[in-house]
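Undergrad:
4 protein chains.
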Amino acid sequence: MIIVMRHDATSAQVAAVVAQVQAHGMRTHLSDGDERTVIGVIGTNPFALRDLFIEAPGVAEVVPITKPFKLSNREFRSRDTRIKVNSHEVGGDRIWIVAGPCSVDNEELYLESCRLVQAAGAHALRGGVFKPRTSPYSFQGLRAGGVEILREARRQTGLPLVCEVLAPADIDTLAELADVLQIGARNMQNFALLSEVGRLRKPVLLKRGMSATIEEWLLSAEYILSQGNYQVILCERGIRTFETYTRNTLDLNAIPLIKELSHLPIIVDPSHGTGRRSLVTAMALAGIAAGAHGLMVEVHAQPEVALSDGAQSLTPQAFRQLVEQVDAVAAALQRPVGVS
Amino acid sequence: MIIVMRHDATSAQVAAVVAQVQAHGMRTHLSDGDERTVIGVIGTNPFALRDLFIEAPGVAEVVPITKPFKLSNREFRSRDTRIKVNSHEVGGDRIWIVAGPCSVDNEELYLESCRLVQAAGAHALRGGVFKPRTSPYSFQGLRAGGVEILREARRQTGLPLVCEVLAPADIDTLAELADVLQIGARNMQNFALLSEVGRLRKPVLLKRGMSATIEEWLLSAEYILSQGNYQVILCERGIRTFETYTRNTLDLNAIPLIKELSHLPIIVDPSHGTGRRSLVTAMALAGIAAGAHGLMVEVHAQPEVALSDGAQSLTPQAFRQLVEQVDAVAAALQRPVGVS
Amino acid sequence: MIIVMRHDATSAQVAAVVAQVQAHGMRTHLSDGDERTVIGVIGTNPFALRDLFIEAPGVAEVVPITKPFKLSNREFRSRDTRIKVNSHEVGGDRIWIVAGPCSVDNEELYLESCRLVQAAGAHALRGGVFKPRTSPYSFQGLRAGGVEILREARRQTGLPLVCEVLAPADIDTLAELADVLQIGARNMQNFALLSEVGRLRKPVLLKRGMSATIEEWLLSAEYILSQGNYQVILCERGIRTFETYTRNTLDLNAIPLIKELSHLPIIVDPSHGTGRRSLVTAMALAGIAAGAHGLMVEVHAQPEVALSDGAQSLTPQAFRQLVEQVDAVAAALQRPVGVS
Amino acid sequence: MIIVMRHDATSAQVAAVVAQVQAHGMRTHLSDGDERTVIGVIGTNPFALRDLFIEAPGVAEVVPITKPFKLSNREFRSRDTRIKVNSHEVGGDRIWIVAGPCSVDNEELYLESCRLVQAAGAHALRGGVFKPRTSPYSFQGLRAGGVEILREARRQTGLPLVCEVLAPADIDTLAELADVLQIGARNMQNFALLSEVGRLRKPVLLKRGMSATIEEWLLSAEYILSQGNYQVILCERGIRTFETYTRNTLDLNAIPLIKELSHLPIIVDPSHGTGRRSLVTAMALAGIAAGAHGLMVEVHAQPEVALSDGAQSLTPQAFRQLVEQVDAVAAALQRPVGVS
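Chains as they are written, first to last, in the working numbering: chain A, -11 to 328; chain B, -11 to 328; chain C, -11 to 328; chain D, -11 to 328.
Here you go:
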C-alpha cells in the first residue's frame, strides 16, 4: 500500500502518518518527489488499514499495490486448478458443457429435455428447483418437490447435476443430491451462504454478480476457498450496463483476464448473458474462442411453454448444432488458446 | 401487455399468437397499424406470460404496460405509509435521523459515539454486529458477541436500534433486540431473507442494491409486503456507475421518483452513497431538499480508528452541524416539498 | 406508438389525447383493458410526438413500437450491405483485417510496422494523424505533417488506408488520401461531422460511442445514410462499465444483435475493447466466432516506444499468430456462422 | 507515477525499467517491500510515459499519483474562480439561474417564455438554435434562422444568452450574439471544438459528457483553459447508468466533489438530469443544497407543444415556485454551505 501525501502536506503530517503505520506493526519507506511525498507501507495485509489513512490530515490518496485476493491468485499458484465432476476434469483441455431447462417445472418435459441434451453431447445437467425470481409473483421453482425429478433425471442419463442453492437452509436438501452446487449472481455476495458452501467438500459453481467487478468476484471465491473448499468453478453470465436491447452484457473480456489473474476454471453462460435465444449460439462460440473452459446453456424440449426464461432457451436441435460448432472451434484452436 | 408483430408477420402467425393468449384464459384486442399488427393482452398478470411470446414466430416485441409491483404501488394506495419507530413516525413530515458507527467494534467507543449522536439529535442508532465485507480477510463484526453492547447502548440512550441481518439464522439473535431490521444492499435480492423478514411484524429498512433498478427495488419490497409485513422503509445508498472518484453514485433522482411511484417512506444514506467524509454533509442536505423522509449517517467518536468505513464517518461535531443545517433546510421548505 | 393511460384517467382525458393525436394528422385505435385504456397511434413517425403526450393529464406512459432507425434497419432491407475497399468486399464472407500503429509518430517505425502487418496478412492500414486524446497534454498526432508518411505507406504496401477525422476541417486533408474515413467513439454523436461525411461517397467506419446504446449507434449511422452515403461499416470497440481492470468492456453481444437488426457490416476492435495486449488475441478470436465481418487491431513494430496506446499494441509476431488463428476459426465455422 | 513490479520480477527486469525511466530524463526511487519492488518515478508529467511501462517485462501495474489536470486543479489555485456574465458573478455566493425553452422553435412562444422566466427571476436565457438530436429525423433547431429571434429576446429582456455550439463553423454565427457559449454533453470530448472556444475570451459553459468521469470532464475543461480562456463554468446534467425510469442519473456527488478538486464554478441542470417534469423542482433544490453555484432549467410557456424536450419543461408558474424555494434553501444555508 502506498500513501500519497498532498503537495502542501507539512513534515509534521508526514511524521504522524509514519508513526501511525509503525504503531500497527508495519514498516514505512519514504520517497520525496518534486511535488509531494509518498509513503510506502510494508507488511502483511496493509490494505486493511486503508480506512485509517484515507482522510488523515495531509493525505491525498491511498493506493493498493497488491491484489487483495490470495488463494485464487495465479501469482501465488501458477498451475491451473482442475476439478473432477464425474469423469470430466473441468479446467483442463476438454470443454465442459452443462445444459438443460432453466428450472424443473413439468416432470415429463424436464426428463425429455435431459435425455435430449445428453444425446446432443452435454456433460452435466442444469437442475433448478430453487429459483431466484425478481418478482414474488413469478414461479419460484418446485423446491423440495422437485428433488425426486432430479434424482430420476440422473438415474436415466447418468449425468451429474448442477443445482442452485439460495439459502443455507437449502444445503441439506441439495448437498447429497447435487454434484455441483451453484451460487447464483444475486447471491454472489451472500457471505453467509458462501461460507456454508466453503465448509463442504464438493464443487461450487460461482456466478459473477451482475454488477461485480472481477476483483469482487475473486474475493467471493476467496470466501469459499478460505473455508477449505478449493473446488470453485467461476461462471461469467453477463453484467449490467446501460444497454437494454440485451438482458445483460456478456463480458467475455473476463475470460482471458480471469485466466491471467487466477488459476480457477471459468465457464460462460450465454443464455443469461444475452437473454435472447437468437444470440446464444454466437456467444457460446465466442466464449469458447475467448478461452472458456466450458459453457452453461439453457435448453428446453419446448421453449415456448417453459415457465421461466423460455425466451433464452434453445431447442434441442439448435443445441445439437451449437455443440458441433463448439467442437469445430475448439479443434481449430487446438485448445488451450488465446492466452499465452 | 402488448405483443407487437413484425411488419412481415403472416395472418396465420397473428392467429396463432391470439389462440395461445386465449388458451391461457386472457382476452386479446387487435389493432392494425400501417406497418404492423399489435395485439393487446387483457387479464390478470399477463406479463408472467411474456416469455411464452417473445420469441414466437412473427413477434417483434412484447411490451409491458402495467408496473409489476402492486402492494407498494401508489396507483393502488395513494396515502403515504407511516411507520412508527418508538415515538417517531417515519414517512411523515418530521425528518428521521439514524446515526452511529458503521459497526460495533470497541465497546467504549461505540457507547461514547451513541451518546454523542443522541446529544446531537439522532432519533435512532446504527448497530451493526453482523457486517457484510467484500473480503473474507476484513473485520466481519462482533456477531453475537456484540449483542450485549447494543443492549447497553439502548439502555443508556433510550434510542431504538437499526441492525442489519445477513442471513435467516441471524434473525433469532436480532429480532428481539432490534427495533428495525436492515437488509443491506448486497442482500436486496436475497429472496430467502426477504421472505423471512416478511413474516415478522417489525419495521424493515430495505437498502437499494448497488445495481438495482427502481423497479427491482420495489419488487424486493414486494417480497416483504406480500408476506404481510407492511412496515418497509426504503433507503437509497448509492448505485454503481463508471465513476471511481466516489465509492458509489448517490442517486437522488430516486427520492422524488419513489415518492411518485410508491407510498413507502424513503431515506438517504450519504455516507455509503459517497464513501468520502468530505461529501457527506452536502449530500445529506441534498437528500432532504429532494424530499427524503430521513437520513442514515455514519458517525464515530474517533473515525481515524474505526475498523470499517472510517473514511466516510463524520466526527460527532460535524454531525451536530449537519443536523442543524438539515433542520434549517427542512424549515425553509415547510416540508413536504418538491413533489406535487 | 402506444399511449398508456393511468388506471384512474377520466374519459375526458382520453378524449383530449385522442383529439390531439388526430390534430397531428394521425389515426388512433382505442383498447380498453381491465385496468386501463391504451391508445394506439397510427401514422408516419408518430414517435416524434412522444414529448407532446408523455406528461399530458391522465397519461401513464408512451411506448414506441417501431424502431426509430429506417435506412439501416434490416426489417426494410434484408440483404447484407457489402462495401468495396480496394479488392476486399467488407460485409461478405471473407474477414477484413485492418492493422497498424495507433498513430503515426515516427516515420521509420510506422513504415516498418506497415510492411510487417502486410506481410502477416492485413488488408488495410490504420493511419492516425489526428488523434483524439483525453488530455491536452498528450501527443495529439502529427496532423497534416503525417500525410506524406501515410502516402508513402500506401505506396510501399499497396494497402488502403483507414484514417480518423476529428472535425469537418480535417475532411479536406483526408478525403483524397484515405480510402476509409473513421469516426471515433468520442465523435459518434458529433452530428455536424456525421452529416459532412454523409455528403462524401466514400466508406465510413463508425465506431460505437463508449456509452452509446445499439439504437443510438444505428441512429448515428442513419445521419450518414440519410445524406446519401450508404457505405457505413460499424465497429464495436468496447463500452464503458463499472469494471476497471479492463479499459473498456468489449460488448460482443453487439455483433449478432447488429446482424439481426441491421444489414450493415460490423467489425471488432479488440485493442481498444480491452486496453491490454495480453487480452487482444483471445478477444479477436471471440469476435470472429461471434460473427464479426472483420477486425481492427493495433500492431506496432516496437510497442514499448509507441507514443500512444503502446500497452494494447501487439508485436508483429503476435499479430501473425492472431491472423493464423483467426483463419482457423473462420474455416471451422464455414462462415457465416452463429446467426440463423 | 509508481511502477509496481511483479513479485517474481528479476533484478534484471527492475534494472531495465529503471534505465528506461532515466533515459526519459526522469529520476527513480526504489522501494523493496516484502513481496515486491516498487519504483517511484519523479519528474514532469511522468504519466505520459505510462504506456511505455505497463506491459514491460516484470511490471505488474503502473499507478498515477498526481492528478492529470493542472490549470483547473484547486491544489494549485485555491481561490474560487468567479466569472462575470453581465451583472452576475457566477461562482460567487449568489445563485445563477439560466432558464428558458430547450430550443427556439416558434418566435412568439419563445419570446413569451423569455419574458415569463425573466419575471420569475431568471438571470440568463437558454437560446438553442443549433440542437444536437439523436435521430436525424428529429427537429434540428432553426440554426441561423433563429438568430434574429435570439437578438429580439435579449433586446426585450436585457438578459444575457447562453447558446450551444455544435461545430467550429457555428462559432462565427454565435460568438458575437451569445454571452455564454455552451458545449453540450455529446461534444464534451469534441477536442477540435474545445480548442476553438479556448481561443475566444468569452465564458464557456461545459456540460459533463453522459459517460464522462470527473477526471475526463476536468481534462476537457483543461483543453479550454490551456488555450488561454479561463472562463469555464461546469454543468452537471446527469450521467448514463443502468436505470431507465429516469432519462439520466443526476450525479449530485459531483457538486461537492468538483468544489473540492477544482476552483471552477459548477451548476446543475435538473431538466436533462431527470428527463421528467415532475422531478425537476426536487432535484433543483437538491442541487442547491449540495452547493451548486447555479441552475439551468427548461421552462416553456406551453410545454405541451414544445418541439423538443417538452416532457421535462416546467411551466412558468412551476418555475416561479422553484425560484422561491431555491431562495429559501439558499437563505437557510447562508451559502456557501456543505463543503468545508
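Cβ atoms here follow ideal geometry from the backbone N, Cα and C, with glycine treated the same way.
Quantities reported herein were computed from a predicted structural model and do not represent experimental measurements.
If you draw a straight line from the alpha carbon of D:V135 to that of D:L295, how long is it in whole angstroms?
TA: Working through the fourth sequence from its first residue, we reach residue 135 of chain D at position 147. Working through the fourth sequence from its first residue, we reach residue 295 of chain D at position 307. The alpha-carbon atoms of D:V135 and D:L295 are separated by roughly 18 angstroms.
Undergrad: If we count Cβ pairs, one from each stretch, closer than 8 angstroms, do we get three or more for the segment 40 to 56 of chain A versus the segment 213 to 227 of chain A?
TA: Flag = no, the segment 40 to 56 of chain A and the segment 213 to 227 of chain A do not touch.
Undergrad: Determine, for D:T(-2), whether the minimum Cβ-Cβ distance to residues of chain G falls below 8 angstroms.
TA: Any reference to chain G falls outside this structure, whose protein chains are A, B, C and D.
Undergrad: Where does D:R143 fall in DSSP's three states?
TA: Position 155 of the fourth sequence holds residue 143 of chain D. DSSP places D:R143 in helix when its eight states are reduced to three.
Undergrad: What residues in its chain sit with their C-beta under 7 angstroms from that of C:R131, if we drop five residues either side in the sequence?
TA: Reading the third sequence from its first residue, position 143 is the one you call residue 131 of chain C. Cβ within range, chain order: V117 and F118.
Undergrad: Give me the Cβ distance between A:L347 and A:A274, rounded to the nearest whole Å; I'm assuming they're in contact under 8 angstroms.
TA: Here chain A has residues from -11 to 328 only, and residue 347 of chain A is not among them.
Undergrad: If the criterion is Cβ atoms closer than 8 angstroms, does the pair C:L188 and C:A157 meet it?
TA: To locate residue 188 of chain C, count along the third sequence from 1; it is residue 200. To locate residue 157 of chain C, count along the third sequence from 1; it is residue 169. Going by C-beta atoms, C:L188 is not nearer than 8 angstroms to C:A157.
Undergrad: For D:C90, which three-state DSSP category applies?
TA: In the fourth sequence, residue 90 of chain D corresponds to position 102, counting from 1. D:C90: coil per DSSP, three-state reduction.
Undergrad: Hey, is D:D68's beta-carbon within less than 8 angstroms of any beta-carbon in chain A?
TA: Within the fourth sequence, residue 68 of chain D is the residue found at index 80, counting from 1. False, the Cβ-Cβ gap to chain A never drops below 8 angstroms.
Undergrad: Going along chain C in order, which residues have a C-beta closer than 9 angstroms to the C-beta of B:V2?
TA: Here residue 2 of chain B refers to the residue found at position 14 of the second sequence. Residues of chain C passing the Cβ test: none, with the nearest at roughly 15 angstroms.
Undergrad: Would a check of beta-carbon distances place B:V168 closer than 8 angstroms to chain A?
TA: To locate residue 168 of chain B, count along the second sequence from 1; it is residue 180. Answer no: the Cβ-Cβ gap between B:V168 and chain A never drops below 8 angstroms.
Undergrad: Can you tell me the Cβ-Cβ gap for C:A320 and A:I243, rounded? I've got them flagged as a contact below 8 angstroms.
TA: Sequence index remark: in the third sequence, residue 320 of chain C carries index 332 (1-based). Sequence index remark: in the first sequence, residue 243 of chain A carries index 255 (1-based). No, C:A320 and A:I243 are not in contact; Cβ-Cβ is about 18 angstroms, not under 8 angstroms.
Undergrad: Let me know the secondary structure DSSP gives C:Q215 once reduced to three states.
TA: The count along the third sequence starts at 1 and reaches residue 215 of chain C at position 227. Coil.
Undergrad: What residues in its chain sit with their C-beta under 8 angstroms from that of B:S328, if we drop five residues either side in the sequence?
TA: Looking up residue 328 of chain B in the second sequence gives position 340. Its pLDDT being 33, under 50, B:S328 is placed unreliably by the model, and the measurement read from it follows with that caveat. So the list is empty, once near-sequence residues are dropped.
Undergrad: Using only CA atoms, which one of A:W205, A:A107 and A:A278 lies nearest to A:K58?
TA: Start at 1 with the first residue of the first sequence, and residue 58 of chain A comes out as number 70. The shortest Cα separation from A:K58 among A:W205, A:A107 and A:A278 belongs to A:W205.
Undergrad: If you follow the beta strand (DSSP E) that C:H17 is part of, which residue opens it and which one closes it?
TA: Sequence index remark: in the third sequence, residue 17 of chain C carries index 29 (1-based). From DSSP, the beta strand (DSSP E) with C:H17 extends over R15 to D20.
Undergrad: My assumption, with CB atoms under 8 angstroms, is that A:T(-2) sits in contact with A:V9. Please give the rounded CB distance.
TA: Residue -2 of chain A sits at position 10 when you count from the first residue of the first sequence. Residue 9 of chain A sits at position 21 when you count from the first residue of the first sequence. With 8 angstroms as the limit, A:T(-2) and A:V9 do not qualify as a contact, their Cβ atoms being about 17 angstroms apart.
Undergrad: Would you report the Cα separation of B:L182 and B:M176, rounded to the nearest angstrom?
TA: The residue given as residue 182 of chain B occupies position 194 in the second sequence. The residue given as residue 176 of chain B occupies position 188 in the second sequence. Their backbone Cα atoms lie some 8 angstroms apart in a straight line.
Undergrad: Given A:V73, which residues of its chain have a CB within under 8 angstroms of its CB, disregarding the five upstream and five downstream residues?
TA: In the first sequence, the residue the question calls residue 73 of chain A occupies position 85. Cβ neighbours of A:V73 beyond the five flanking positions: W84, H111, A112, P148, D167, V168 and P191.
Undergrad: If you follow the alpha helix (DSSP H) that A:Q309 is in, where does it begin and where does it stop?
TA: Within the first sequence, numbered from 1, the residue matching residue 309 of chain A stands at position 321. Residues P304 to A320.
Undergrad: Please confirm whether C:D257 and C:E224 have their CB atoms less than 8 angstroms apart.
TA: On the third sequence, position 269 is the one that residue 257 of chain C refers to. On the third sequence, position 236 is the one that residue 224 of chain C refers to. In this structure, C:E224 lies closer than 8 angstroms to C:D257 by Cβ.
Undergrad: Give the range of the alpha helix (DSSP H) segment to which C:T262 is assigned.
TA: Position 274 of the third sequence, counting from 1, holds the residue named residue 262 of chain C. Where C:T262 is concerned, the enclosing alpha helix (DSSP H) stretches over P258 to T262.
Undergrad: Run through chain A and tell me which residues come within less than 7 angstroms of D:E23, C-beta to C-beta.
TA: As a position in the fourth sequence, residue 23 of chain D is number 35, starting the count at 1. The contacting residues are T54.
Undergrad: Keeping to the same chain, check which residues put their C-beta closer than 6 angstroms to that of D:H76; ignore five residues upstream and five downstream.
TA: In the fourth sequence, counting from the first residue as 1, residue 76 of chain D sits at position 88. Hits under 6 angstroms: W84 and H111.
Undergrad: First and last residue of the alpha helix (DSSP H) that includes A:E292?
TA: As a first step, residue 292 of chain A must be located in the first sequence, where it is residue number 304. Run containing A:E292: none; DSSP gives neither H nor E here.
Undergrad: Got a sec: is the Cβ-Cβ distance from B:M(-7) to anything in chain D below 8 angstroms?
TA: Taking the first residue of the second sequence as position 1, residue -7 of chain B is located at position 5. It does not; no Cβ of chain D falls within 8 angstroms.
Undergrad: Of all the residues that make up the segment 277 to 302 of chain A, which are near chain C by a beta-carbon distance shorter than 9 angstroms?
TA: Within the segment 277 to 302 of chain A, the qualifying residues are A277, A278 and G279.
Undergrad: Could you say which of A:H281, A:I246, A:A0 and A:K55 lies nearest to A:G79 if we only look at CA atoms?
TA: Reading the first sequence from its first residue, position 91 is the one you call residue 79 of chain A. With distances taken between Cα atoms, A:G79 lies closest to A:H281.
Undergrad: Determine, using beta carbons only, whether B:S266 comes closer than 8 angstroms to chain D.
TA: As a working mapping, residue 266 of chain B is identified with position 278 in the second sequence. At least one chain D Cβ lies under 8 angstroms of B:S266.
Undergrad: For a test of the three-state rule: what should DSSP assign to B:P324, helix, strand or coil?
TA: Reading the second sequence from its first residue, position 336 is the one you call residue 324 of chain B. The predicted position of B:P324 is uncertain, since its pLDDT is 46 and thus under 50; no value can be drawn from it.
Undergrad: Buried or exposed, going by whether 16 or more other CB atoms sit within 10 Å of the CB of B:L238?
TA: For the purposes of this step, residue 238 of chain B is taken as residue 250 along the second sequence, with counting starting at 1. Classification for B:L238: buried.
Undergrad: If we call anything under 8 angstroms between Cβ atoms a contact, is A:G216 one with A:G186?
TA: The residue labelled residue 216 of chain A in the question sits at position 228 within the first sequence. The residue labelled residue 186 of chain A in the question sits at position 198 within the first sequence. Taking 8 angstroms as the Cβ cut-off, A:G216 and A:G186 qualify as a contacting pair.
Undergrad: To the nearest angstrom, report how far apart A:H260 and D:Y98 are at their CA atoms.
TA: Residue numbering aside, residue 260 of chain A sits at position 272 when the first sequence is read from its first letter. Residue numbering aside, residue 98 of chain D sits at position 110 when the fourth sequence is read from its first letter. In a straight line, the C-alpha of A:H260 is about 49 angstroms away from that of D:Y98.
Undergrad: If we ignore side chains and look at the alpha-carbon of each, how far apart do D:P120 and C:S208 end up?
TA: Residue numbering aside, residue 120 of chain D sits at position 132 when the fourth sequence is read from its first letter. Residue numbering aside, residue 208 of chain C sits at position 220 when the third sequence is read from its first letter. Distance between the alpha carbons of D:P120 and C:S208 is about 11 angstroms.
Undergrad: In terms of residues, what are the limits of the beta strand (DSSP E) holding D:G115?
TA: Along the fourth sequence, read from residue 1 onward, the residue named residue 115 of chain D stands at position 127. Note, D:G115: premise wrong, no beta strand (DSSP E); not H, not E.
Undergrad: Along the segment 218 to 236 of chain A, where does the CB come closer than 8 angstroms to a CB of chain D? Name the residues.
TA: Listed in sequence order: R228, T229, F230 and T232.
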